[in-house]
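S.K.: Questions regarding the structure given below will be posed in turn.
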Amino acid sequence: MKLALSNISKSFSKHRVLNDLSLEVTEGEFVAVLGSSGSGKTTLLRLIAGFDDPDSGEISISGKLVASKNVFVGAESRKVGYVPQDAALFPHLSVFENVAFGLKGLSKAARVDRVRELLKLVSMESFESQSATELSGGQKHRVALARALAPAPELILLDEPFAALDAELRARIREEIKLVLDKVSSTTILVTHDQEEALSIADRVALLRDGNFAQVGNPREIYSAPVDLGVATFLGDSVIVDGVIESGKVSTSLGQLTLLNSAKEASRGKVAIRPENFYLQPDLNGDSIVVGRQFFGHDAVVEVKTPKQLIRARSSGPFAPEVGMKVTVWVRGAVNFYPEAQA
Numbered sequence: 008m009k010l011a012l013s014n015i016s017k018s019f020s021k022h023r024v025l026n027d028l029s030l031e032v033t034e035g036e037f038v039a040v041l042g043s044s045g046s047g048k049t050t051l052l053r054l055i056a057g058f059d060d061p062d063s064g065e066i067s068i069s070g071k072l073v074a075s076k077n078v079f080v081g082a083e084s085r086k087v088g089y090v091p092q093d094a095a096l097f098p099h100l101s102v103f104e105n106v107a108f109g110l111k112g113l114s115k116a117a118r119v120d121r122v123r124e125l126l127k128l129v130s131m132e133s134f135e136s137q138s139a140t141e142l143s144g145g146q147k148h149r150v151a152l153a154r155a156l157a158p159a160p161e162l163i164l165l166d167e168p169f170a171a172l173d174a175e176l177r178a179r180i181r182e183e184i185k186l187v188l189d190k191v192s193s194t195t196i197l198v199t200h201d202q203e204e205a206l207s208i209a210d211r212v213a214l215l216r217d218g219n220f221a222q223v224g225n226p227r228e229i230y231s232a233p234v235d236l237g238v239a240t241f242l243g244d245s246v247i248v249d250g251v252i253e254s255g256k257v258s259t260s261l262g263q264l265t266l267l268n269s270a271k272e273a274s275r276g277k278v279a280i281r282p283e284n285f286y287l288q289p290d291l292n293g294d295s296i297v298v299g300r301q302f303f304g305h306d307a308v309v310e311v312k313t314p315k316q317l318i319r320a321r322s323s324g325p326f327a328p329e330v331g332m333k334v335t336v337w338v339r340g341a342v343n344f345y346p347e348a349q350a
């Protein structure tokens, strides 16, 4: 294990932020901690970094205990690289000087070689003499990553580093940074509230809710098989319908649907259906009608009024049904069912 969190709790005044939290991260793994604002993501990162200490529990990095009831190793001794949301470069220093700042105990020649190696890695070698204030947002984040990597840390922590960037730049920079981290086989923890970000670049996603992890798994698992309705509705869009188990199927207002998970016969509960699981067939005699359409180019989200409820379906952009068109609604693939007590 590169990182082990065991029964971590943290409170501020009387407010419990993290509650008996445990997680293990293996060497070279990229884990995204996903949660809404105020869920405790940054608090968790600060505990791992050594900026704060937990009220209870233990933290180990590379097998070394760094925080417990009787142990606290400061941030400067944990060999952890930290990239904050705003990059936080020193404005009075050049790009070269920013990256070199954390390098100690090297000869001048070795220091120059290390900085230039990292600037080349993040495609910033031609900017070494520029002031940090002259860089664009994306360039600042690449330099901040190089600075974090400079001392060869055991662990890299990313605190929503792409949040301040515009959408197009954010997607490009996160892919570039992921490639850099893969090249150096870094063990990385990213905290984010962006679901697309977490699902697209992480090896595993840990969904933080109410001070604990509601679900931990690879992106496909956590998206396709949410443990409860809360996860299903937070992690991507879902249409929720009532259902009852009959003869191994779940009976709903949208027909008899195939189960992705197991459930007892005659159980009543809720079904979560992803918008991409709907198929809309134009039908002049259809019992449903398109009442809304949001076009995104490559696809569209179509609102359809069925006899029982309003649903949202994701359809290919150029071929999405128009508002006013009658359709028949089909559900493709298996669905997740949550019994009443769990729902």
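Heads up, the sequence shown is in my numbering, so the first residue is 8 and it goes up one at a time.
By construction, the Cβ of each residue, glycine as well, lies at the ideal position given by its N, Cα and C atoms.
In chain order, what are the residue ranges of uninterrupted beta strand (DSSP E) at least 3 long that sit wholly in the segment 18 to 81?
M.R.: Whole beta strand (DSSP E) segments, 3+ residues: 22 to 32, 37 to 41, 63 to 68 and 71 to 74.
S.K.: Would you call the CB atoms of L113 and K190 closer than 8 Å?
M.R.: No, they are not a contact pair.
S.K.: How far does the alpha helix (DSSP H) with L126 in it extend, from its first residue to its last?
M.R.: It spans K115 to L128 - the alpha helix (DSSP H) in which L126 sits, taken as one unbroken run.
S.K.: Counting C-beta neighbours from all protein chains within 10 Å, is the total for K48 16 or more, i.e. buried, or is it exposed?
M.R.: When all chains shown are included, K48 counts as buried.
S.K.: Can you tell me whether V362 is helix, strand or coil according to DSSP?
M.R.: In the structure as shown, the chain begins at 8 and stops at 350. Residue 362 is therefore absent and cannot be evaluated.
S.K.: Pop quiz: V336 and L267 are said to be a contact at Cβ under 8 Å. What is the actual Cβ separation, rounded to whole angstroms?
M.R.: Incorrect: roughly 19 Å between the Cβ atoms, too far for contact.
S.K.: Who are the near neighbours of V298 in its chain, counting only those whose CB is closer than 6 Å to its CB and skipping five residues on each side?
M.R.: The answer, listed in chain order, is E310 and K312.
S.K.: Going along the chain, which residues of its own chain have a beta-carbon closer than 6 Å to the beta-carbon of V212, five neighbours each way excluded?
M.R.: These residues qualify, in order along the chain: A39, L41, A205, P226 and I229.
S.K.: Taking the alpha-carbon of L28 as reference, which of E135, E203, G145 and L215 has the nearest alpha-carbon?
M.R.: When each option's Cα is compared against that of L28, the closest is L215.
S.K.: Would you mind reading off the limits of the beta strand (DSSP E) that contains G378?
M.R.: No answer is possible for residue 378: it lies beyond the span of the chain, which begins at 8 and ends at 350.
S.K.: Bridge partners for A279 per DSSP, in chain order?
M.R.: Answer by DSSP bridge pairing, in chain order: I247 and N343.
S.K.: Under 8 Å, do A171 and D93 count as touching if we go by C-beta distance?
M.R.: Result yes, Cβ atoms of A171 and D93 sit closer than 8 Å.
S.K.: Within the segment 212 to 237, note down every full alpha helix (DSSP H) run reaching 4 residues or more, in order along the chain.
M.R.: 226 to 231, all fully within the segment 212 to 237.
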